[in-house]
Amino acid sequence: MHLDVLRDLVRIQSHICALAYPLLEREAAIDGDAQVA
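Sequential numbering of the sequence shown, starting at 438, is according to this note's numbering.
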């Protein structure tokens with residue numbers, strides 16, 4: 438049970454990151470603050 442909940446939370450987190458990363462990257466490019474890794 439606990440492992441199922443943990444797995445679901447990890448999946449939700451990965452979906453949020455997949456959505457947020459391009460948006461944050463675009464905002465940084467617009468502001469001119471993008472850093473090259």
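Glycine included, every Cβ here is placed at the ideal spot set by N, Cα and C.
Treat the numbers as computed from the prediction; the structure is a model and nothing was measured.
Distance check for residue j and residue i, CA to CA, integer angstroms please.
i	j	result
SER451	TYR458	10 Å
LEU446	ILE453	11 Å
MET438	ARG444	10 Å
What does a CB cutoff of less than 7 Å around residue i pick up in its chain, not counting 5 residues either side in sequence?
i	result
ASP468	none
ALA466	none
VAL442	none
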